[in-house]
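To keep things clear, I will list the structure first and then write my remarks on it.
Residue numbers (my numbering): 65 to 378.
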């Protein structure tokens, strides 16, 4: 097992895995090449290309990191061999079957951190506040995922701009994007009741206030909040004042101000992001802002602390 510094573990392991994977491809000598989808971003995925018009399934780089470093359940060379074995056994699908607007999902990430990589890779993206809204082709078939980058070339082929693509793809059915909307009170109560391995339990039970907090995520992580059908469902439960906390690239917390004001949540988010950066998880940082949902515009808007106007006493 290789040893890595905690703050650089992901990047160092990623580099070693890519080298090992390429070495094994060279030994196989089948004319295959490593292809990285969303290269260098939090949603990076490993796949193969062989010069033809078939698309290989993909494996998230994050999954390699979790198995090779976090759980130490497999060595890097074993992981590369295992993944190549999967690619040998499963069906490759026609590229034109995957690369359709109907199969596009929204994948947001931090703009400042990844803008250069997006430009370098000719990836289509839409800046919004401190985020970059990117797009990915995604199909799940027989428990295998097939994915690919949506590039500027795709937009040119379709004859549309990035904003038009955004509007076309964000009204998909919730089942199609694998959205989960989890009430935190119900989730924690169920865990404490059913998981006997949890020894530290709140003496007064799960705080009732957590009934007004939901964890939201999809196959595209935090991207679920960009879909009006998701947010309208939450709006019916929580109302106009609900706040959207970008916990990380994988999920959002949607809650009422009873659980924290905008300024309090902003401070907590800043600390949380600083901790992520310090422990080598900076790639998981989604945003530095707290958001609200504009029901009329069907979009996220920055949350602003309500100000009470002070009147002078004469």
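Backbone N, C-alpha and C define an ideal beta-carbon position, used for all residues, glycine too.
> With burial defined as no fewer than 16 other Cβ atoms inside 10 Å of the residue's Cβ, what is the status of residue 374: buried or exposed?
Replying inline: The residue given as residue 374 occupies position 310 in the chain shown. Note that residue 374 scores a pLDDT of 45, beneath 50, so its modelled location is shaky; the value from the coordinates is reported in the next line. The residue in question, residue 374, is exposed, as its Cβ has fewer than 16 Cβ neighbours within 10 Å.
> Which value, in whole angstroms, describes the spacing of the CA atoms of residue 363 and residue 71?
Replying inline: Here residue 363 refers to the residue found at position 299 when the chain shown is read from its first residue. Here residue 71 refers to the residue found at position 7 when the chain shown is read from its first residue. Residue 363 and residue 71: Cα-Cα distance of roughly 35 Å.
>> Measuring only the C-alpha atoms, how far is residue 334 from residue 152?
In response: If you number the chain shown from 1, residue 334 lands on position 270. If you number the chain shown from 1, residue 152 lands on position 88. Going by the C-alpha atoms only, they are around 44 Å apart.
> If you compare alpha carbons, which of 299, 306, 246 is closest to residue 282?
Replying inline: Along the chain shown, read from residue 1 onward, the residue named residue 282 stands at position 218. Looking at the Cα atoms, 246 is the closest of the given residues.
>> Can you tell me whether residue 93 is helix, strand or coil according to DSSP?
In response: Within the chain shown, numbered from 1, the residue matching residue 93 stands at position 29. Looking at residue 93 - three-state DSSP - the assignment turns out to be coil, as it is neither helix nor strand.
>> Using only the alpha-carbon positions, how far apart do residue 159 and residue 340 sit?
In response: The residue labelled residue 159 in the question sits at position 95 within the chain shown. The residue labelled residue 340 in the question sits at position 276 within the chain shown. When rounded, the distance between both Cα atoms is 37 Å.
>> Could you pull the DSSP bridge partners for residue 247 from this structure?
In response: Residue numbering aside, residue 247 sits at position 183 when the chain shown is read from its first letter. 278, per the DSSP bridge assignment.
> Rounded C-beta distance between residue 77 and residue 132? I'm assuming under 8 Å.
Replying inline: Locating residue 77 in the chain shown gives position 13, where the first residue counts as 1. Locating residue 132 in the chain shown gives position 68, where the first residue counts as 1. Going by Cβ atoms, the distance from residue 77 to residue 132 rounds to 6 Å, so yes, they are a contact pair.
> Out of 326, 306, 328, which has the shortest C-alpha to C-alpha gap to residue 318?
Replying inline: Numbered from 1 along the chain shown, position 254 holds the residue referred to as residue 318. Checked all of 326, 306, 328; the closest Cα to residue 318 is 306.
> What residues are listed by DSSP as bridge partners for residue 170?
Replying inline: In the chain shown, counting from the first residue as 1, residue 170 sits at position 106. Residue 170 pairs with 199.
> Which whole-angstrom value describes the C-beta separation of residue 313 and residue 285, a residue pair presumed to lie in contact below a C-beta threshold of 8 Å?
Replying inline: Position 249 of the chain shown holds residue 313. Position 221 of the chain shown holds residue 285. About 5 Å; that satisfies the 8 Å criterion.
> Skipping 5 residues on each side, what residues in its chain have a beta carbon closer than 6 Å to that of residue 85?
Replying inline: For the purposes of this step, residue 85 is identified with residue 21 of the chain shown, where counting begins at 1. 98, 144.
> Are the CB atoms of residue 162 and residue 123 nearer to each other than 8 Å?
Replying inline: Within the chain shown, residue 162 is the residue found at index 98, counting from 1. Within the chain shown, residue 123 is the residue found at index 59, counting from 1. Against a cut-off of 8 Å, the Cβ pair of residue 123 and residue 162 comes out as no contact.
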